[in-house]
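Here the sequence shown stands for residues -20 to -1, 1 to 175, numbered as in mature numbering (1 follows the signal peptide of the UniProt record, and there is no 0). A quick write-up on the structure given underneath.
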Amino acid sequence: MKKVVISTLGLALMTSSLYAGVCSDKLKYDFTFYGAEDKSYVVTKNTFKTVTSNFPSEKLLNATLNIDAFSIDTSADLNNGAAKWPAAMVTVRNNNISNNFFKLFEKDAGKVDVKIVKIVANSMDVEFKMNGVTKVIPFAYKTEGDTIKATGKLDVLAFGVDKAWAQFSAVCKSFHHGKSWNEININFEVPASCK
């Protein structure tokens, strides 16, 4: 009986991995955050460690991304203006974002849901839901070889997170050289076959 249960679990895991598909497996995304009045403090390639993606019929339209925002990962870029942060700073940054921003959402703390709702030539509409607020953000995209690359700008204050943002900005004021910009740049790419 034990072997049957283990075999069944193994088969289920293999099937779910196969079901994920090329689009989910090849999805790459990141976002860029800015600090300082002149935006000279730049942190690139930020991601999340815990994300679930779904591409119905292996296509971008209606694809979803469910993000556990508490799993923020800022480790890819340790630049601090002209210098570098020590590696230990990653934990401080991740905790500051989680504890002083995402945990302070009034609704659905730490949860970000994303869905691609419309695709036309060179642009798409991407729906974001945070703090119980849903907004559609325009993204531009282009096909480079066998890859679709998309970019968009998201204003976090559009999601009713003013108090959380004020707390985050206050805690990070010295780290961010006096200013935390509420608009972030988002990038993602998938194989062109996912269009």
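Ideal placement from N, C-alpha and C gives every residue a C-beta, glycine not left out.
Quick check: what's the CA-CA separation for residue i versus residue j?
{"i": "residue 59", "j": "residue 91", "result": "27 Å"}
{"i": "residue 163", "j": "residue 122", "result": "22 Å"}
{"i": "residue 154", "j": "residue 126", "result": "42 Å"}
{"i": "residue 104", "j": "residue 35", "result": "15 Å"}
{"i": "residue 195", "j": "residue 37", "result": "The chain is shown from -20 up to 175; residue 195 falls before or after that span and cannot be answered."}
{"i": "residue 54", "j": "residue 48", "result": "14 Å"}
{"i": "residue 70", "j": "residue 52", "result": "10 Å"}
{"i": "residue 148", "j": "residue 120", "result": "29 Å"}
Do residue i and residue j have their C-beta atoms closer together than 8 Å?
{"i": "residue 6", "j": "residue 170", "result": "yes"}
{"i": "residue 40", "j": "residue 96", "result": "yes"}
{"i": "residue 117", "j": "residue 175", "result": "no"}
{"i": "residue 138", "j": "residue 115", "result": "yes"}
{"i": "residue 61", "j": "residue 4", "result": "no"}
{"i": "residue 156", "j": "residue 68", "result": "no"}
{"i": "residue 83", "j": "residue 112", "result": "no"}
{"i": "residue 44", "j": "residue 94", "result": "yes"}
What is the C-beta distance between residue i and residue j, in whole angstroms, given that I count them as a contact (C-beta under 8 Å)?
{"i": "residue 32", "j": "residue 46", "result": "5 Å"}
{"i": "residue 165", "j": "residue 131", "result": "7 Å"}
{"i": "residue 63", "j": "residue 24", "result": "With 8 Å as the limit, residue 63 and residue 24 do not qualify as a contact, their Cβ atoms being about 16 Å apart."}
{"i": "residue 81", "j": "residue 144", "result": "5 Å"}
Could I get the ranges of all uninterrupted beta strand (DSSP E) runs contained in the region 94 to 161, with 3 residues as the minimum, in chain order? 103 to 110, 113 to 124 and 127 to 135
Restricting to runs no shorter than 4 residues, where is the alpha helix (DSSP H) found entirely within the region 29 to 102? 69 to 80
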